[in-house]
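**Q**
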Amino acid sequence: MRWSRSRPRAAGALLAALLLSPAAAADPPVVSAAPPAAFEDALPVGPSLEARLAEIRRRVQAALVYPPVARLREQGGEVIVSFEIGPDRRARGIRTRVSSGRASLDRAAERAVRRAGELPWVYGRIEVPVRFALVPSRR
Numbered sequence: 099m100r101w102s103r104s105r106p107r108a109a110g111a112l113l114a115a116l117l118l119s120p121a122a123a124a125d126p127p128v129v130s131a132a133p134p135a136a137f138e139d140a141l142p143v144g145p146s147l148e149a150r151l152a153e154i155r156r157r158v159q160a161a162l163v164y165p166p167v168a169r170l171r172e173q174g175g176e177v178i179v180s181f182e183i184g185p186d187r188r189a190r191g192i193r194t195r196v197s198s199g200r201a202s203l204d205r206a207a208e209r210a211v212r213r214a215g216e217l218p219w220v221y222g223r224i225e226v227p228v229r230f231a232l233v234p235s236r237r
């Protein structure tokens, strides 16, 4: 069968006739009484919030570089750093929430958060403790 230019017009006219017919207008819409199909997520369930926060703390602590002057003076402590995780999964808006009392330790904690690289995504602002503890050397 050959295709002609009149066929698209005829198909359009037939469709318009069906849509505008009185029988089509009189039929009520069909509503299904069957329950909707169960929704299944395409991605597997990921780690819990607690597991993601633990991983963030681990990565920040691993990126920590103890300031040499603080090590020589045997200064230690804990800094609580506050930040958000951006769409690129990197920390942004980093600031010291609770100071250790030593500016060098506070700055080192903020640098550790920056150096931690890509982090598990968590919505909102989070606070992470960064611990500075001197471990006696094993000689």
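Count along the sequence shown from 1, add 98, and you get the number used in the working numbering. Ideal placement from N, C-alpha and C gives every residue a C-beta, glycine not left out.
State yes or no: is the C-beta of R223 within less than 9 Å of the C-beta of E208?
**A** Counted from its first residue, the sequence shown places residue 223 at position 125. Counted from its first residue, the sequence shown places residue 208 at position 110. Contact flag unset, no.
**Q** Please go through the stretch 148-184 and give each complete alpha helix (DSSP H) segment of 4 or more residues, from N-terminal end onward.
**A** If we require 4 residues or more, the alpha helix (DSSP H) runs fully inside the stretch 148-184 come out as 166-170.
**Q** As a quick exercise: from V226, R200, E176, R169, pick the residue whose alpha carbon is nearest that of I154.
**A** Indexing the sequence shown from 1 puts residue 154 at position 56. The option with the nearest alpha carbon to I154 is V226.
**Q** When the Cα of G184 is compared with those of P218, V177, V233, which residue comes out closest?
**A** Residue mapping note: residue 184 aligns to position 86 of the sequence shown, counting from 1. Taking only the C-alpha atoms, the option nearest G184 is P218.
**Q** Where do the N-terminal and C-terminal ends of the beta strand (DSSP E) with E225 fall, by residue?
**A** Looking up residue 225 in the sequence shown gives position 127. Element bounds for E225: 223-230.
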